[in-house]
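Chains as they are written, first to last, in my numbering: chain A, 1 to 287; chain B, 288 to 574. Glycine included, each C-beta is placed from N, C-alpha and C at the ideal position. Below is one structure, written out as structure tokens; the observations come after it.
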DNA sequence: GGGCCGTCATACCGGGCGGGTATCGCACCA
DNA sequence: TGGTGCGATACCCGCCCGGTATGACGGCCC
């Protein structure tokens, strides 16, 4: 199976529509139909059910979509990491020193990251660290497709499956309320209570694909903006304990009694051969 | 990057020789040279250094070989699992019920496996389990390229990186000697002592590629044959505790004081969607 | 219910590229 | 200095990918 065929199939599977998939792929619809039909013939499996309003996946199609995405990510990772090897190793000793790409959520664990980067930079033989800050839920895919070499992730929010990891920090979660709110005098609240405070919806976090679930709360894009909403009495939010350092006036904090602990980890692909990743991890475990 | 290019590059990298790689791939040498040159151009990286006696890898080439193997395994897995989905789901409700492929080392952990299969078969909704027994070190690759859905592995011998797993059994290792050997009266021996017993070499285990390391001991292919050699006073062997059940007369057993514990685990790809795998794992954790 | 629309499949054509054979360039070696 | 072994180059052919035009078919609306 060629990656071209996989890309075509994934496009059709995701769009549920040959025409839109062809457009997204930058080709015409007939060659796409033909390629998918050929793939189905070679696999001996019907992947899609064609209807008069598009195409839906069969069971075999679901499997190929799932496994195929992982395979495509692996191929992209191979390509990206090879490119990075040559440009950082400086083919022919030309220039650019080796570096490692570390990705993390913007606005999360900044203290841990700062300590890690400082400590690592002091190590002998440390390579340059490119810090790439991204919206939540993007770190895992970046690690899988080679855009990053190592990531700071948060369990149970991020998908850490398939990665090697070291735990950096375990913390409780807190409910952040407008100062003076009735609940702010409580010693603790439950998750159920926090998610149904009259007039104070919790913000919605983006999904992996960047879309937002349905609901009443504001769409969370920038933590400062959401905290402003909380201060104005328009929302509440649940954050890990370390965020307390960034809070300013006008906010009240109540521990959550039954929320899962947030675990901050450093994660990397299990087959990583990068000396930079190894060094960062070694430094991280010593913190 | 197309999988064809990756396959070509991996072949050349492994053979270190364009001619032999072309033969292995079933094509002529000139198109292969051209394909690799084109890949290098597109990646903007020299992957191979051509010499008058073959080709050796550059640093970028090492990266691509490493990442590329993983990517090819992922693509193969996608293809195999899709094929298996359709043939087991019975396209059109034709026949073949769903099944799951479990792989394990021949001759290891047979007790655990028997208990697991019995317990799972008694579960409601259990699917058929194809048990595939292979030589040591083959289970991990099989899980990675989709030939198997779930595996019984042994730490620290097998490479479990990137898999989800549950521990089934932790055991000490034992030195197996001919009955009456001088060491057989000892309360325990060290690994260093065990690996340098005069006249009693330890057998050599095959590597992932099936080849054997250099050394004096017999090549281990069949455990019964090796135990026969031990009985005859021609070898010694280190085995986990559970192997004690299979020992017959003529053998003495001495605990190893400093050998790592052997951990038997059940492992599966972290993104597995198979109900059969989930059921097997659930059963295994209850044992 | 018949025309119309949307969607995917089929038919057909052209060009690019992958693969083959023949040959060259080159380094080592006897 | 010819021989040998290896990869690169030159050149040709045929397949397959991609494009345009058109067909088949189920819904939908008036």
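- Close partners of residue 161/A in chain B (Cβ separation under 8 Å): 451, 557, 558.
- Just measuring C-alpha positions, the residue of 459/B, 369/B, 527/B, 330/B sitting nearest residue 86/A is 330/B.
- In terms of Cα proximity to residue 399/B, the closest of 469/B, 511/B, 502/B, 457/B is 457/B.
- Its chain contains 11, 12, 15, 32 as the residues whose beta carbon lies nearer than 7 Å to that of residue 21/A, once the 5 sequence neighbours on both sides are disregarded; these appear in chain order.
- Residue 181/A is classed as buried because its beta carbon has at least 16 other beta carbons within 10 Å across all chains shown.
- Annotation: the segment 413 to 498 of chain B contains the following complete segments of the beta strand (DSSP E) (minimum length 3 residues), in chain order: 415 to 421, 437 to 442, 451 to 458, 460 to 465.
- Between residue 441/B and chain A, the shortest Cβ-Cβ separation is not below 8 Å.
- Taking a Cβ-Cβ threshold of 9 Å, none of the residues of chain B is close to residue 142/A; the smallest such distance is about 15 Å.
- Chain A has no Cβ within less than 8 Å of the Cβ of residue 390/B.
- If you draw a straight line from the Cα of residue 525/B to the Cα of residue 164/A, it comes to about 29 Å.
- Around the C-beta of residue 338/B, fewer than 16 other C-beta atoms lie within 10 Å, and the residue is accordingly described as exposed.
- Per DSSP, residue 285/A is not a residue of any beta strand (DSSP E); the alpha helix (DSSP H) it occupies stretches across 275 to 286.
- Among the bridge pairs identified by DSSP, residue 337/B is matched with 342/B.
- In this structure residue 512/B is exposed. Its beta-carbon is surrounded by fewer than 16 other beta-carbon atoms within 10 angstroms.
- Residue pairing for residue 267/A: DSSP places it in a beta bridge opposite 151/A, 165/A.
- For residue 104/A, there is no enclosing alpha helix (DSSP H); the enclosing beta strand (DSSP E) has its first and last residue at 99 to 105.
- For the segment 350 to 372 of chain B, the set of positions with a beta-carbon nearer than 7 Å to some beta-carbon of chain A reads 350, 351, 353, 354, 355, 357, 358, 361, 362, 364, 365, 366, 368, 369, 370, 372 in chain order.
- In the three-state reduction of the DSSP assignment, residue 237/A falls in the strand class, which pools E and B.
- Residue 423/B and residue 493/B have their C-alpha atoms spaced approximately 7 Å apart.
- Closer than 8 Å to the CB of residue 331/B there is at least one CB belonging to chain A.
- Taking 8 Å as the cut-off between beta carbons, the residues of the segment 288 to 313 of chain B near chain A are 288, 289, 290, 291, 293, in sequence order.
- Taking all protein chains shown into account, residue 569/B has fewer than 16 neighbouring C-beta atoms within 10 Å of its C-beta and is therefore exposed.
- Between residue 197/A and residue 183/A, the C-beta spacing is below 8 Å.
- Residue-level contact by beta carbon fails for residue 128/A and chain B, as no gap is shorter than 8 Å.
- For residue 539/B, the enclosing beta strand (DSSP E) begins and ends at 538 to 542.
- Between residue 151/A and residue 103/A, the gap from beta carbon to beta carbon is short of 8 Å.
- In this structure residue 232/A is exposed. Its beta-carbon is surrounded by fewer than 16 other beta-carbon atoms within 10 angstroms.
- For residue 438/B, not one C-beta of chain A is nearer than 8 Å to its own C-beta.
- Cβ neighbours of residue 210/A within its own chain (closer than 8 Å, five residues either side excluded): 135.
- Exposed is the label assigned to residue 325/B, since fewer than 16 other Cβ atoms lie within 10 Å of its Cβ.
- Taking all protein chains shown into account, residue 199/A has fewer than 16 neighbouring C-beta atoms within 10 Å of its C-beta and is therefore exposed.
- Counting the other Cβ atoms within 10 Å of the Cβ of residue 258/A gives fewer than 16, which makes it exposed.
- Residue 401/B has its alpha-carbon roughly 24 Å from the corresponding atom of residue 463/B.
- Within the same chain, 60 come within 6 Å of residue 45/A by CB-CB distance, once the 5 residues on both sides are set aside.
- Pairing residue 509/B with residue 350/B, the inter-Cα distance amounts to about 36 Å.
- Pairing residue 72/A with residue 7/A gives a Cβ-Cβ distance under 8 Å.
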